[in-house]
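Read through the structure below, which is laid out as structure tokens, and then see the notes.
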Amino acid sequence: MPTAALFVTCVADQCFPDTAMATVRVLEAAGAQVVFPAAQTCCGQPAVTAGEPDAAARLARHHLDVFAGYEAIVAPSGSCAAMVRHHYAKLLPDRRAEVDALAARTFELTQYLGDVLRVDDIGARLDGTSVTVHDACHGLRNLRLGASLRALLTKAGATIVEMTEPDTCCGFGGVFALAYPEVSTQLADTKLAHGRETSAQYLVSTDLACLMHLDGRREHEHAAGPRPIHVADLLASGLPA
Numbered sequence: 213m214p215t216a217a218l219f220v221t222c223v224a225d226q227c228f229p230d231t232a233m234a235t236v237r238v239l240e241a242a243g244a245q246v247v248f249p250a251a252q253t254c255c256g257q258p259a260v261t262a263g264e265p266d267a268a269a270r271l272a273r274h275h276l277d278v279f280a281g282y283e284a285i286v287a288p289s290g291s292c293a294a295m296v297r298h299h300y301a302k303l304l305p306d307r308r309a310e311v312d313a314l315a316a317r318t319f320e321l322t323q324y325l326g327d328v329l330r331v332d333d334i335g336a337r338l339d340g341t342s343v344t345v346h347d348a349c350h351g352l353r354n355l356r357l358g359a360s361l362r363a364l365l366t367k368a369g370a371t372i373v374e375m376t377e378p379d380t381c382c383g384f385g386g387v388f389a390l391a392y393p394e395v396s397t398q399l400a401d402t403k404l405a406h407g408r409e410t411s412a413q414y415l416v417s418t419d420l421a422c423l424m425h426l427d428g429r430r431e432h433e434h435a436a437g438p439r440p441i442h443v444a445d446l447l448a449s450g451l452p453a
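With my numbering as the guide, the letters of the sequence shown map in order to residues 213 to 453.
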């Protein structure tokens, strides 16, 4: 049985623990044994985006030590997985071999299911559920995520209604949303409007930070339209009790 170490991420740990549990359920349904390294902390992504490379390097070094030895590290966030895979080499040049080895074993959830386990049917049933998909920037552009998200939803029986520009940024971008709120909210409002046009029930993505941003904006504006939801939460809702 393959073993996956859950890289829970700060957003899941602090704001969406139910999504972390749903991720475990999905991985187990796919046939993986899940372990949780309790010493893990932030991967350092917020520090990098805030222009604090020294702080980020300290966190990266700790992350490297905590997850050493695990055969696969899986995160419910494309941006956090992308941080490890694409930024640690610059932060820790003195540990390049270890960084490269860890990067090769670090995956976003749907990437791990599709590319490593070769699974697109985990036994979830979402018949009668309509969804539209937001292709998050880090997952699409940094990780080059393929069709696994849509394959998992389709195999579960969900109907996918593609929105206009599913690959356009939602506006979060870490500290970008704080530094440029006018631009950030406009991007979020446009994304939500494209979602409404589909008349889908849910707006699904692989990145919790994007979903937090979109859901917060949706609630602030009392907007109609599909409810933002992480793919793990939706798939887990369709698994047998």
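Even glycine gets a Cβ: it sits at the ideal position worked out from N, Cα and C.
In this text, all values refer to a predicted model and were calculated from it rather than measured experimentally.
Item, Value
"Taking only runs of the alpha helix (DSSP H) that begin and end inside the stretch 244 to 330, which ones reach a length of at least 4 residues, in chain order?", "257 to 261, 265 to 278, 290 to 303 and 308 to 316"
"I think L239 touches V246, with their Cβ atoms under 8 Å apart; what is that distance to the nearest whole Å?", "5 Å"
"Ignore the nearest five residues each way along the sequence and tell me which others in P249's own chain have a CB closer than 7 Å to its CB.", "A217, V278 and F279"
"If you reduce the DSSP assignment to three classes, tell me which class H425 lands in.", "helix"
"Using the beta-carbon count (16 or more within 10 Å), is A316 buried or exposed?", "exposed"
"Please report the straight-line C-alpha distance between T418 and R307, rounded to a whole angstrom.", "29 Å"
"Which class does P229 belong to by DSSP, given the choice of helix, strand or coil?", "helix"
"Report back the beta-carbon spacing between N354 and H298 to the nearest angstrom; my notes put them in contact at under 8 Å.", "5 Å"
"Between H274, A370, A336 and L338, which lies nearest to L304 when the distance is taken from Cα to Cα?", "H274"
"For Q323, which residues in the same chain have their Cβ closer than 7 Å to its Cβ, ignoring the five residues on either side in sequence?", "L355, L357 and S360"
"When DSSP labels each residue in this structure, what does V395 get in the three-state scheme?", "helix"
"Would you kindly work out how many angstroms separate the C-alpha atoms of Q224 and A232, rounded to a whole number?", "The question names Gln, but residue 224 is Ala in the sequence shown. One C-alpha to the other measures close to 6 Å."
"I need the straight-line Cα distance from G326 to A363, nearest angstrom please.", "9 Å"
"Let me know the secondary structure DSSP gives A216 once reduced to three states.", "strand"
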